[in-house]
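At position 86 of the sequence shown the residue is numbered 86 (full-length UniProt numbering), and the sequence of numbers has no breaks.
Every residue gets a Cβ at the ideal spot worked out from N, C-alpha and C, and that includes glycine.
The structure presented is a predicted model; accordingly, all values stated were derived computationally and were not measured.
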Amino acid sequence: MRVSAGEKALNYVVLTLFSLFALFPVITIVVTALGPQLGVAESGPHWGNIVDAWNQGSFGPALLRSLLVALLVVPVALVLSILAGYAFGTMRFRGSTFLFYVFLFGMMVPAEAIIIPLFYDMRALGLTDTIWAIALPQIAQSIAFGTFWMRAQFRAMPPNLVEAAAIDGTSGLTTLWRIMVPPAIPSIATVTVLMFMWTWNEFLIPLVMSPGATWRTAPLGLSVFKGQYTADGALIAAAGLIVAAPIVAVFLLMQRYFISGMLEGAAKE
Numbered sequence: 001m002r003v004s005a006g007e008k009a010l011n012y013v014v015l016t017l018f019s020l021f022a023l024f025p026v027i028t029i030v031v032t033a034l035g036p037q038l039g040v041a042e043s044g045p046h047w048g049n050i051v052d053a054w055n056q057g058s059f060g061p062a063l064l065r066s067l068l069v070a071l072l073v074v075p076v077a078l079v080l081s082i083l084a085g086y087a088f089g090t091m092r093f094r095g096s097t098f099l100f101y102v103f104l105f106g107m108m109v110p111a112e113a114i115i116i117p118l119f120y121d122m123r124a125l126g127l128t129d130t131i132w133a134i135a136l137p138q139i140a141q142s143i144a145f146g147t148f149w150m151r152a153q154f155r156a157m158p159p160n161l162v163e164a165a166a167i168d169g170t171s172g173l174t175t176l177w178r179i180m181v182p183p184a185i186p187s188i189a190t191v192t193v194l195m196f197m198w199t200w201n202e203f204l205i206p207l208v209m210s211p212g213a214t215w216r217t218a219p220l221g222l223s224v225f226k227g228q229y230t231a232d233g234a235l236i237a238a239a240g241l242i243v244a245a246p247i248v249a250v251f252l253l254m255q256r257y258f259i260s261g262m263l264e265g266a267a268k269e
């Protein structure tokens, strides 16, 4: 179907308006972060606000803890999601449908509903105030969505790929990593970015599972910093940029694969 010049122009106008609407909060935070602090009358961008927020909020250790949690959660959840998605997407075995619904149930139960009994379980195991108490619940949450996502990806692939590999005597794991995974790289990159974003932004689990603040992550550090400098919007916005910077960096590095994976997922649905 041929699209007229007027329709193209209208599409660009609508997309531009939606883009500005989405970018407006980000632009507002950046402008506020570079604005003058309370009691400062100098004009122009104040890049020193970011340095002041970094030093006064001691964000270095909090960012490191968040990075360590993400480096534990994302690879483990990603590998397990690929394995489970491959099993549910290409194999037929007794109880597969029920087990898949069990995975989906993990997406439906909010963390707020189970966080208190989970805390007592972790405390009984002596895991509170450790990285395991923060990482293990997030791994479970990420696997639920990751399995759902990867199952859809593997089910959309031609079944003759697996059949041909089986005829050639290729093992299941070799078929997965050498035949099924390479075409699924965009989808894997998409779920990787999403898992990293969810892990990095997680607030409730680190708050409850680390009562001694031993594993206070970046969002918790930002919350504490906001309580100390509630009146100074410039410092709070600068601290927000510091905490959000790693997510932006990961997205920019993987945006090509992320967008491709999202478009593929939309086409399959």
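Can you give me the Cβ contacts of Ser96 inside the same chain, cut-off strictly under 7 Å, excluding the 5 residues immediately before and after it? Its chain contains Phe88 as the residues whose beta carbon lies nearer than 7 Å to that of Ser96, once the 5 sequence neighbours on both sides are disregarded; these appear in chain order.
Out of Pro186, Phe119, Asn160, Leu161, point me to the one whose CA is closest to Trp149's CA. Nearest option by C-alpha distance: Pro186.
My output table needs one value for residue 342: the three-state DSSP class, helix, strand or coil. What the structure shows of the chain is the stretch from 1 to 269, and residue 342 is not part of that stretch, so it cannot be assessed.
Exposed or buried, Gly227, counting other C-beta atoms within 10 Å across all chains shown (16 or more means buried)? The residue in question, Gly227, is exposed, as its Cβ has fewer than 16 Cβ neighbours within 10 Å.
Quick check: what's the CA-CA separation for Val181 versus Val162? Computed Cα separation, rounded: 12 Å.
Taking just the CA atoms, how far does Leu10 sit from Ser210? Distance between the alpha carbons of Ser210 and Leu10 is about 52 Å.
Beta-carbon gap between Ala62 and Thr217 smaller than 8 Å: Between Ala62 and Thr217, the CB-CB gap stays under 8 Å.
In this structure, how does DSSP classify Ala213 when only helix, strand and coil are distinguished? Secondary structure at Ala213: coil, using DSSP grouped into helix, strand and coil.
Is it the case that the Cβ atoms of Ala213 and Ala53 are separated by a distance below 8 Å? Not closer than 8 Å, so no.
Mark Arg151 as exposed unless 16 or more other C-beta atoms lie within 10 angstroms of its C-beta, in which case mark it buried. By the 10 Å Cβ count, Arg151 comes out buried.
On the CB-based measure, 16 or more other CB atoms within 10 Å of its CB, does Arg256 come out buried or exposed? Classification of Arg256: exposed, given that the 10 Å Cβ count is below 16.
How far does the alpha helix (DSSP H) with Glu7 in it reach, from first residue to last? Taken as a continuous stretch (DSSP letters only), the alpha helix (DSSP H) holding Glu7 covers 5–33.
Please state the DSSP three-state secondary structure of Met107. It is helical.
Measure the C-alpha to C-alpha separation of Arg178 and Ile29 and round it to an integer number of angstroms. So the alpha carbons of these two residues sit roughly 44 Å apart.
Buried or exposed for Thr147, please, with buried defined as at least 16 other CB atoms from any protein chain shown within 10 angstroms of its CB. Answer is buried; the Cβ neighbour count reaches 16.
Would you kindly report the start and end of the unbroken alpha helix (DSSP H) that includes Asp129? No alpha helix (DSSP H) contains Asp129, which DSSP labels as neither H nor E.
What's the C-alpha gap between Leu176 and Ala84? Pairing Leu176 with Ala84, the inter-Cα distance amounts to about 11 Å.
Confirm the yes/no value for this check: CB of Ile179, any heavy atom of the ligand HEM, distance under 7 Å. No copy of the ligand HEM occurs in the structure displayed, which carries no ligand at all.
Which same chain residues end up closer than 7 Å to Val250 when comparing Cβ atoms and leaving out the 5 residues on each side of it in sequence? Closer than 7 Å at the Cβ level, and outside the excluded window around Val250, lie Val193, Phe196.
Assigned exposure category for Asn49 - 16 Cβ within 10 Å defines buried: Under this definition Asn49 is a buried residue.
Following the continuous alpha helix (DSSP H) through Tyr86, name the residue where it begins and the one where it ends. Looking at the DSSP string, the run of the alpha helix (DSSP H) that includes Tyr86 is 59–90.
Buried or exposed by the 16-neighbour rule on C-beta atoms within 10 Å, applied to Leu222: So Leu222 ends up on the buried side.
Alpha carbon of Val74 to alpha carbon of Ser66, nearest angstrom: So the two alpha carbons sit approximately 12 Å from each other.
Are Ala231 and Ile143 touching if we call contact CB-CB under 8 Å? No, the pair does not count as a contact, with Cβ atoms beyond the cut-off.
State buried or exposed for Glu202, treating a residue as buried only when at least 16 other CB atoms are found within 10 Å of its CB. Under this definition Glu202 is a buried residue.
Straight-line gap, Ile188 to Ile82 (C-alpha atoms, nearest Å): Computed Cα separation, rounded: 8 Å.
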